[in-house]
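Here the sequence shown is numbered in my numbering, starting from 12 and rising by one per residue.
Where a beta carbon is used, it is the ideal one built from N, C-alpha and C, also for glycine.
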Amino acid sequence: MPDADDRQFFEERILEVMDRLYAAALRLTRERTEAEDLVAETVMRAWAKLDQLEDRRRFQGWIFRILTNAFISTRRRSSRAEIAYEEPPEISTDEFSLFGQLHQPFLLWWSSPEQAFLNKVLREDIEAALDRLPEVFRTVVVLVDVQGFPYAEVAELLQVPVGTVRSRLKRGRSRLQRHLWQHAQERGIVASQEVPGP
Numbered sequence: 012m013p014d015a016d017d018r019q020f021f022e023e024r025i026l027e028v029m030d031r032l033y034a035a036a037l038r039l040t041r042e043r044t045e046a047e048d049l050v051a052e053t054v055m056r057a058w059a060k061l062d063q064l065e066d067r068r069r070f071q072g073w074i075f076r077i078l079t080n081a082f083i084s085t086r087r088r089s090s091r092a093e094i095a096y097e098e099p100p101e102i103s104t105d106e107f108s109l110f111g112q113l114h115q116p117f118l119l120w121w122s123s124p125e126q127a128f129l130n131k132v133l134r135e136d137i138e139a140a141l142d143r144l145p146e147v148f149r150t151v152v153v154l155v156d157v158q159g160f161p162y163a164e165v166a167e168l169l170q171v172p173v174g175t176v177r178s179r180l181k182r183g184r185s186r187l188q189r190h191l192w193q194h195a196q197e198r199g200i201v202a203s204q205e206v207p208g209p
């Protein structure tokens with residue numbers, strides 16, 4: 012049974028990670044109420060299992076593992092959203108790079124209002140593209156690229172080998188870039204041309 016010191020420790024650590032926890036939950040679920048429910052479930056599970064946390068310095072990784080496991084459990088139980096995944100074909104060595112296609116040094120010359128607008132548009136486009144990723148890729152992209160977790164920690168969270176994390180991240184990034192490139196073409200931001208790659 013947790014004591015007063017445990018409670019204080021838990022409350023302090025939860026407050027430190029709450030924004031990141033909610034952001035990760037929102038990106039995983041893509042729906043605010045589901046994200047809130049997922050965070051609440053995570054906090055309840057974490058409190059109930061606090062005595063199992065042997066190294067308190069690893070609280071952040073531990074609670075994100077609980078979040079990820081709660082998300083996966085919820086998806087497995089849900090009849091409307093099954094985790095279904097087919098291995099896509101291997102990415103060619105001629106990998107598509109959105110950043111290589113859009114590298115425009117003149118963008119750095121823009122003043123703050125224009126840059127702020129561009130950042131808002133890009134953020135919305137990136138969020139929409141993230142939503143289109145299959146869950147198995149989106150989870151890894153969110154944990155590594157958005158939340159900043161190292162590969163080894165993501166592998167531990169998802170209980171998969173580090174090589175699987177790298178593979179899913181590479182494929183997720185490639186799909187994300189393709190979605191963004193196609194969206195940019197549809198909006199007329201870039202000249203319409205075939206997207207490189209397989």
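In this structure, R179 keeps its C-beta atom at 8 Å or more from the C-beta atom of V153. In the DSSP assignment, V165 falls within the unbroken alpha helix (DSSP H) covering 162-169.
In the DSSP annotation of this structure, the continuous segment of the alpha helix (DSSP H) that includes G174 starts and ends at 173-198.
Between the segment 74-83 and the segment 22-34 there are three or more C-beta pairs closer than 8 Å, enough to call the two in contact.
Taking every protein chain shown into account, the CB of R186 has 16 or more other CB atoms within 10 angstroms, so this residue is buried. A residue is called buried once 16 or more other Cβ atoms fall within 10 Å of its Cβ, and A51, having fewer, is exposed. An exposed status is given to E197, since fewer than 16 other beta-carbon atoms sit within 10 Å of its beta-carbon. In this structure, the alpha-carbon of I137 lies about 7 Å from that of L191. Here E164 is buried: its Cβ has 16 or more other Cβ atoms, across all protein chains shown, within 10 Å.
Nearest neighbour of T150 by Cα position, chosen from G199, A81, R189, A57, turns out to be A81. Of the other Cβ atoms in all chains shown, fewer than 16 fall within 10 Å of the Cβ of L26; this residue is therefore exposed. Per DSSP, reduced to three states, the secondary structure at D66 is coil, with no helix or strand assignment. In the three-state scheme derived from DSSP, where H, G and I count as helix and E and B as strand, D142 is classed as helix. By a beta-carbon distance limit of 8 Å, Y162 contacts R177. Their separation comes to about 6 Å. Closest in C-alpha terms to E23, from the list E42, L144, F70, comes F70.
Our two residues, A166 and T175, have alpha carbons roughly 8 Å apart in a direct line. Remark: C-beta atoms of R38 and L144 do not approach each other more closely than 8 Å.
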